[in-house]
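Asks: Chains as they are written, first to last, in numbering that gives the first Met the number 0: chain D, 0 to 332; chain H, 0 to 332; chain R, 0 to 332; chain G, 0 to 332. All residues carry an ideal CB built from backbone N, CA and C; glycine is no exception.
Number of protein chains: 4
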Amino acid sequence: MNAIRVGIVGVGRIGRMHAGIVAHQLPQAELAGVYDVASSVADDVAASLGTVSTVTVDDLIDRVDAVAICTATDTHLALIEQCARAGKAVLCEKPVASTIADIDLAAAAVDASGIPFMVGFNRRFDPSHQAVRDAVMAGTVGRTLLAHIVSRDPAPPPLEYIRGGGGLFLDMTIHDFDMAGYLIPSPVIRVMAQGGALIDPRVAGEGDIDVALTVLTHADGTITTIDNSRQAPYGYDQRLEVLGTLGMVQSENVRINQSRISDAAGVHTQPLQNFFIERYTEAYLREWQAFLTHLTEGGPSPASVADGRAAAVLGEAAWASLRAGMPVDISPR
Amino acid sequence: MNAIRVGIVGVGRIGRMHAGIVAHQLPQAELAGVYDVASSVADDVAASLGTVSTVTVDDLIDRVDAVAICTATDTHLALIEQCARAGKAVLCEKPVASTIADIDLAAAAVDASGIPFMVGFNRRFDPSHQAVRDAVMAGTVGRTLLAHIVSRDPAPPPLEYIRGGGGLFLDMTIHDFDMAGYLIPSPVIRVMAQGGALIDPRVAGEGDIDVALTVLTHADGTITTIDNSRQAPYGYDQRLEVLGTLGMVQSENVRINQSRISDAAGVHTQPLQNFFIERYTEAYLREWQAFLTHLTEGGPSPASVADGRAAAVLGEAAWASLRAGMPVDISPR
Amino acid sequence: MNAIRVGIVGVGRIGRMHAGIVAHQLPQAELAGVYDVASSVADDVAASLGTVSTVTVDDLIDRVDAVAICTATDTHLALIEQCARAGKAVLCEKPVASTIADIDLAAAAVDASGIPFMVGFNRRFDPSHQAVRDAVMAGTVGRTLLAHIVSRDPAPPPLEYIRGGGGLFLDMTIHDFDMAGYLIPSPVIRVMAQGGALIDPRVAGEGDIDVALTVLTHADGTITTIDNSRQAPYGYDQRLEVLGTLGMVQSENVRINQSRISDAAGVHTQPLQNFFIERYTEAYLREWQAFLTHLTEGGPSPASVADGRAAAVLGEAAWASLRAGMPVDISPR
Amino acid sequence: MNAIRVGIVGVGRIGRMHAGIVAHQLPQAELAGVYDVASSVADDVAASLGTVSTVTVDDLIDRVDAVAICTATDTHLALIEQCARAGKAVLCEKPVASTIADIDLAAAAVDASGIPFMVGFNRRFDPSHQAVRDAVMAGTVGRTLLAHIVSRDPAPPPLEYIRGGGGLFLDMTIHDFDMAGYLIPSPVIRVMAQGGALIDPRVAGEGDIDVALTVLTHADGTITTIDNSRQAPYGYDQRLEVLGTLGMVQSENVRINQSRISDAAGVHTQPLQNFFIERYTEAYLREWQAFLTHLTEGGPSPASVADGRAAAVLGEAAWASLRAGMPVDISPR
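1) For isoleucine 68/D, is the classification buried or exposed, using 16 other Cβ atoms within 10 angstroms of its Cβ as the cut-off for buried?
2) Cβ of leucine 197/H within 7 angstroms of Cβ of glycine 234/H?
3) Taking the runs of the beta strand (DSSP E) that are 3 residues or longer, which of them lie wholly in the stretch 150-202 of chain R?
4) Start and end of the alpha helix (DSSP H) containing glutamine 24/G?
5) Considering only their Cβ atoms, is the gap separating serine 250/G from serine 261/D smaller than 7 angstroms?
6) Aspartate 43/G to serine 52/G, Cα distance in whole Å?
7) Give me, in chain order, the residues of the same chain whose beta-carbon lies closer than 7 angstroms to that of isoleucine 336/D; leave out the 5 immediate sequence neighbours on both sides.
8) For the pair the stretch 304-312 of chain G and the stretch 166-183 of chain G, tell me if three or more CB-CB distances fall below 8 angstroms.
9) Is cysteine 82/H helix, strand or coil when you go by DSSP?
10) Please confirm if aspartate 43/H has its CB atom under 7 angstroms from at least one CB of chain G.
11) Counting only C-beta atoms, is aspartate 199/R closer than 7 angstroms to chain D at any point?
12) Quick one: grab the DSSP three-state call for asparagine 227/G.
13) So which residues on chain D does serine 228/H lean against when the C-beta distance must stay under 8 angstroms?
14) What residue from Ala37/G, Asp209/G, Pro200/G has the CA that sits closest to leucine 166/G's CA?
15) At 8 angstroms on the CB atoms, spell out the chain R contacts of histidine 333/H, in chain order.
16) So if DSSP puts methionine 247/H in a beta bridge, which residue, or which two residues, is it bridged to?
17) Taking the straight line between their C-alpha atoms, what separation do you get for isoleucine 60/D and aspartate 35/D?
18) Find out if the Cβ-Cβ distance for the pair phenylalanine 124/G, arginine 285/G is shorter than 7 angstroms.
19) Under three-state DSSP, which class holds arginine 308/D?
20) Given this structure, state the Cα-to-Cα distance separating valine 10/R from glycine 119/R, to the nearest angstrom.
21) List, in order along the chain, the chain H residues whose C-beta lies closer than 7 angstroms to that of aspartate 222/D?
22) Please confirm if alanine 346/D has its CB atom under 7 angstroms from at least one CB of chain G.
23) Answer yes or no: do alanine 79/H and valine 63/H have a C-beta to C-beta separation smaller than 7 angstroms?
24) Between the alpha carbons of valine 8/G and aspartate 58/G, how many angstroms are there, rounded?
25) Thinking C-beta only, is valine 149/G closer than 7 angstroms to arginine 238/G?
26) Just mark valine 33/R as buried or exposed, buried being the case when its beta carbon has 16 or more other beta carbons within 10 Å.
27) Using a C-beta cutoff of 7 angstroms, does arginine 256/R count as contacting chain H?
28) If you measure from the beta carbon of isoleucine 260/G to each beta carbon in chain D, is any gap under 7 angstroms?
29) Does glutamate 277/R get closer than 7 angstroms to chain H when you measure Cβ to Cβ?
30) Do you know whose CA, among Leu104/G, Ala137/G, Cys82/G, Val5/G, lies nearest leucine 30/G's CA?
31) Please confirm if the stretch 153-173 of chain H is in contact with the stretch 210-220 of chain H, defined as three or more CB-CB distances below 8 angstroms between the two stretches.
32) Using a C-beta to C-beta distance shorter than 7 angstroms, which residues of chain D count as neighbours of threonine 53/R?
33) Can you list, in chain order, the residues of its chain whose CB lies under 7 angstroms from that of valine 266/R, leaving out five sequence neighbours each side?
34) Counting only the same chain and skipping the five closest in sequence on each side, list residues whose C-beta sits under 7 angstroms from that of valine 248/G.
35) Excluding five sequence neighbours on each side, which residues of the same chain lie with their C-beta closer than 6 angstroms to the C-beta of alanine 106/R?
36) Between which residues of its own chain and aspartate 73/D is the CB-CB distance below 6 angstroms, once the five residues before and five after are set aside?
So this is what it looks like as structure tokens:
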């Protein structure tokens, strides 16, 4: 079997990481090229990974079997449509597109073309998080009652980042909205969101918040909370918990290392791993393995356009709820 | 110094526990008598603890310096007023009274008489929980952002218990409402409560729920969640967490014992301590020490009528919010 | 049934603790008197616990069904013989006597009289340690291979204490020698001990050491290590571990409380419980319950003279091994 | 700067892992070729990693700046001498050679040629273990008193493996002997080893053991124990602990993932990572980074021939001690 030829569009931080995984860690794939609007950046990445950089996106798409879209969100829809027309598989970084309307257009393009498509919801592929889902799906905890998702970044991003991404519920909580759907089988029917610019008042000037607490009500009565903070001085805090009638399953944090000092002041362990690149190293690799398997074996997407849409719907509902100071019902699609 | 003479009114499970503490673990106090409407129960307790049982409450009040009220909630107000008239100090089990109006009457009686008065909010005196509050008050975690209280009973009470206690928000969450005020300096201004009869549908017939998620919004923007379940098969789950701008402080659970087995299936530790008598043994003792210190040294009550009222106000607001499906504002007193 | 009348001989720190347990926490027993060579100490203890102090040991023995011997080690043999003659049950603090020869005399007195007798090996009754033994005995870990006992005091005792107690292997490791016999079914056949005065050089002048590592070889090949230090700045370190062919079972430490702070420097929990009174509170109570059960129901002693002898034999062998720099064989009795 | 050209001699399991690291994870190095006596194996590895396989070792050495020796131990000396003659740097898998005499010849060749040389003591580069050493060297725990190394494989190797490697103290404990020297600054002056064929009696027929407990006495009185078992059903158990006068520092195990289930039977976490490839992934990468830094910047080797010799000396002393049933003194070199 020939290796699957993969191209990366957009080789900023996350794109470069994806390119490295394809180049080095996936025997069944080959990094066939990269593209970036900043052509010198693309050239550097290509040189360091032993591949080529292309002058246009079309050139890249021509050379490959699958494209990873790692560009700014507002370019996603056009790129997805371009790949769909060319019949090339797509792994698209979250969120799928900037608005629900655009996501629906992306879904239409994917559906019409029949291309394999997966959203880059990396956390679904983290072994600890996946073990939580597996336990829930296997009935280990019984009927689900309460779920908690804690998702805190170590330090706030630059203000410019906040500006472009649709605000906390779309640039950050989007992962947690997807996780809620991934963990709890029953669909979300209501969203109540609260929060504020409690860490850095300047984010209020950008129309954003930096601390949020969102409550999701599922159709079967299960309640999920999402705790978000753009700052956690002890590291990247990523926890899950599901209580059911038979027990509880959790995914705990990962520390920088496993050393431990005991002295007269107490017992001291290390801070948490700093951020997503370190914390989700294995998840990103497993995400690629899942994508390649989906591409060769078919079946339902491990993270479909519909999943991406569902997360975005919750993100928009959260903003609406925050502004109204009231719960917002989710209309079934 | 003479020992402080203490009398216990009501020697059911919790009253008997209090009587045992006074009899055996407090050198500065003396169990001077017990009273119960079931006189044979009072006689038994008195005999086993080397004290007397009295025929009337008045007799008991006459004999003592301080009274612990451990009877059914609907008798609290009359007993508090009786003790106030007699000028005897009161340690009253939570809740202070059945309604806010009655609590206000109790407060008036306490204020008019000037008697030392403390509500039995035992969890305030748990060393782990208190360390969380101390860290918050000392500024160790900086400005508070998010707080979580998990409070789950091991198994549901009999349906009759549910009937009498005002429902989950008043018989169970009342402790957590108090804990929220104890931990977070800024007052609660809004309550949003959700929940259902998810474990045992029969409690719906009693007008009650068995799972709840309550969100408290504090005046400074801090958000506190309270997670309640009447059933947690792994034991009595009692956790606190406060995130601030400088860090996080938590109070973790206590297991039955510290043994641990590692085998091919994984690493296995023990379930949590079963219920409040075991989990809060030390807290109850420290509650009594705090009460006796308050009684002899004066100063603000470690858990005042106002604290008891504040918790009850949140409990009523939670019921109102649940019924309305909307957040409910708390009017400042 | 009448309460079992208990007397305490010697009410220093440990004796006072025993007296308090009998007075307050054992419904089936009654503290019938105390004796101490320092009569004013005995008077104080008696007054605070509502019992009498006697002028002579004989007076005490006359008044009671069972005697707890909590005096200096060199008085144990005479007291045991006195109780044996009077036919009174004995709970004797460790070690049973100062020499193997004296222990044999004590054993002879106990055997001849048929009195119930138990050594105060409190750690056998710790729920966590007992769970380790139970797992070993139940075959949960399979055939035992390696065992580790860590037993470190928080801070060195006064030099005078060291002088009187037979040195580290007899005043401190004696508990661990007993624990080795309690945990591992196969008898010890060889002892290799090492150590030195590494913390405080002055203890060398007393002929003692403050750090030791002892290796016990059991008849079936299982190897047990005992790690002792008279100083552990982070608290009283008491751990067990047994590896077998099917798995491992451990008893872990207990922290002062369960609070935990996470900040930029890491995750910080509390120091360990300070010393034996705090760490083994529950063990001491369960030791008394086991003694009273043995006294009323008969059967093999939960901690017999033979057990006390076995521990002392290992203590003497450890000293011999340390001095010789060689392993020492244990001759079967 | 040109990339450092690296060649791998021997591409069995461990050699292939090294080749993969060089090919993919070290930007400053280039995998310039591989060699194996089984030429088809070398061809396969070369093809999959995009490099060449050479017909002879000489050919490989000619093409490269540095050689990783990953062949059977009895070929190490000749290969080291060959590299030394050619002036090529060497990263040699442990042990350096089969006997102390051969190690001395290897040391002579290295010293005479001045080539950079490093032993593949991967555990030195594990972040958790290194944090333990750093704490000891920084004086965080004060003067060292007691150290413990637990090193247990998940399951016994095939009997053939046992045959060739010099037995447990040389094929397994060699890592722990090196770790003892790495952690504790004071040299080892005495070795006392015990053990047996307790898991699989057939290993006794090979002159080997499968369980061992080794005690090392350091010149300053510090005592180190090494606990080895060829079988630990719960996974690859790799722990360190150093007690000093100021505190304790430990390196704890790593579980397969961080999920946790709580039910009526207790709280269950995952088994440990299975074996060295998984457990020490990061350590192997950091070992290569240290080797390349040593190669370009000079200075003392991060794991010198002398370190390799010291570990082998302890291994031979352990066998001598086990056979004699006595401690064995280590003569200073």
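Replies: Quick answer:
1) Position 69 of the first sequence, counted from the start, is the residue given in the question as residue 68/D. Flag for isoleucine 68/D reads buried.
2) Start at 1 with the first residue of the second sequence, and residue 197/H comes out as number 198. Start at 1 with the first residue of the second sequence, and residue 234/H comes out as number 235. Cβ atoms of leucine 197/H and glycine 234/H: not closer than 7 angstroms.
3) 187-195
4) Here residue 24/G refers to the residue found at position 25 when the fourth sequence is read from its first residue. Counting along the chain, the alpha helix (DSSP H) containing glutamine 24/G begins and ends at 12-24.
5) For this step, residue 261/D is matched to residue 262 along the first sequence. For this step, residue 250/G is matched to residue 251 along the fourth sequence. Result no, Cβ atoms of serine 261/D and serine 250/G do not sit closer than 7 angstroms.
6) Sequence index remark: in the fourth sequence, residue 43/G carries index 44 (1-based). Sequence index remark: in the fourth sequence, residue 52/G carries index 53 (1-based). When rounded, the distance between both Cα atoms is 9 angstroms.
7) Outside the displayed span of chain D (0 to 332) sits residue 336/D, for which this structure offers no information.
8) The answer is yes - the stretch 166-183 of chain G touches the stretch 304-312 of chain G, with three or more Cβ pairs under 8 angstroms.
9) For the purposes of this step, residue 82/H is taken as the residue at position 83 of the second sequence. Helix, per DSSP.
10) For the purposes of this step, residue 43/H is taken as the residue at position 44 of the second sequence. Judged by the 7 angstroms Cβ criterion, aspartate 43/H is not in contact with chain G.
11) By 1-based counting over the third sequence, the position of residue 199/R is 200. Not one chain D Cβ lies under 7 angstroms of aspartate 199/R.
12) Translated into positions along the fourth sequence, residue 227/G becomes position 228. Three-state result, asparagine 227/G: strand.
13) Numbered from its first residue, the second sequence carries residue 228/H at position 229. Simply Leu144, Leu145, Leu242.
14) Counted from its first residue, the fourth sequence places residue 166/G at position 167. At residue 166/G the sequence reads glycine, which differs from the leucine that was named. Considering only alpha carbons, the answer is Asp209/G.
15) Here chain H covers residues 0 to 332 and nothing more, so residue 333/H does not appear.
16) Start at 1 with the first residue of the second sequence, and residue 247/H comes out as number 248. In DSSP, methionine 247/H forms a bridge with Leu242/H, Ser261/R.
17) For the purposes of this step, residue 60/D is taken as the residue at position 61 of the first sequence. For the purposes of this step, residue 35/D is taken as the residue at position 36 of the first sequence. The straight-line gap from Cα to Cα measures roughly 13 angstroms.
18) Residue 124/G sits at position 125 when you count from the first residue of the fourth sequence. Residue 285/G sits at position 286 when you count from the first residue of the fourth sequence. Contact: yes.
19) Within the first sequence, residue 308/D is the residue found at index 309, counting from 1. Three-state result, arginine 308/D: helix.
20) Your numbering for residue 10/R matches position 11 in the third sequence. Your numbering for residue 119/R matches position 120 in the third sequence. Each residue's CA atom was taken as its position, placing valine 10/R and glycine 119/R some 15 angstroms apart.
21) Position 223 of the first sequence, counting from 1, holds the residue named residue 222/D. The sequence given here has isoleucine at residue 222/D, not aspartate. Within 7 angstroms Cβ-Cβ: Gln193, Leu212.
22) What the structure shows of chain D is the stretch from 0 to 332, and residue 346/D is not part of that stretch, so it cannot be assessed.
23) Position 80 of the second sequence, counting from 1, holds the residue named residue 79/H. Position 64 of the second sequence, counting from 1, holds the residue named residue 63/H. Position check: residue 79/H holds isoleucine in this sequence, whereas alanine was assumed. Cβ atoms of isoleucine 79/H and valine 63/H: not closer than 7 angstroms.
24) In the fourth sequence, the residue the question calls residue 8/G occupies position 9. In the fourth sequence, the residue the question calls residue 58/G occupies position 59. Approximately 11 angstroms between the Cα atoms of the pair.
25) Here the question's residue 238/G lines up with position 239 in the fourth sequence. Here the question's residue 149/G lines up with position 150 in the fourth sequence. The answer is yes: Cβ separation under 7 angstroms.
26) The sequence position of residue 33/R within the third sequence is 34, counting from 1. Buried, by the Cβ-count rule.
27) For this step, residue 256/R is matched to residue 257 along the third sequence. Strictly speaking, residue 256/R in this sequence is asparagine, with arginine absent from that position. By this cut-off, asparagine 256/R is an interface position.
28) Mapped onto the fourth sequence, residue 260/G falls at position 261. Yes, its Cβ sits closer than 7 angstroms to a Cβ of chain D.
29) Within the third sequence, residue 277/R is the residue found at index 278, counting from 1. No, its Cβ sits nowhere closer than 7 angstroms to a Cβ of chain H.
30) In the fourth sequence, counting from the first residue as 1, residue 30/G sits at position 31. That would be Val5/G, whose Cα lies nearest to the Cα of leucine 30/G.
31) yes
32) By one-based count along the third sequence, residue 53/R stands at place 54. The premise fails here: threonine 53/R is roughly 43 angstroms from chain D at the closest Cβ pair, so nothing lies under 7 angstroms.
33) Within the third sequence, residue 266/R is the residue found at index 267, counting from 1. Answer for valine 266/R: Arg259, listed in chain order.
34) Translated into the one-based positions of the fourth sequence, residue 248/G becomes position 249. The residues are Val131, Ala134, Val135, Thr139, Val140, Val241.
35) As a position in the third sequence, residue 106/R is number 107, starting the count at 1. These residues qualify, in order along the chain: Val304.
36) Along the first sequence, read from residue 1 onward, the residue named residue 73/D stands at position 74. Answer for aspartate 73/D: Ser97, listed in chain order.
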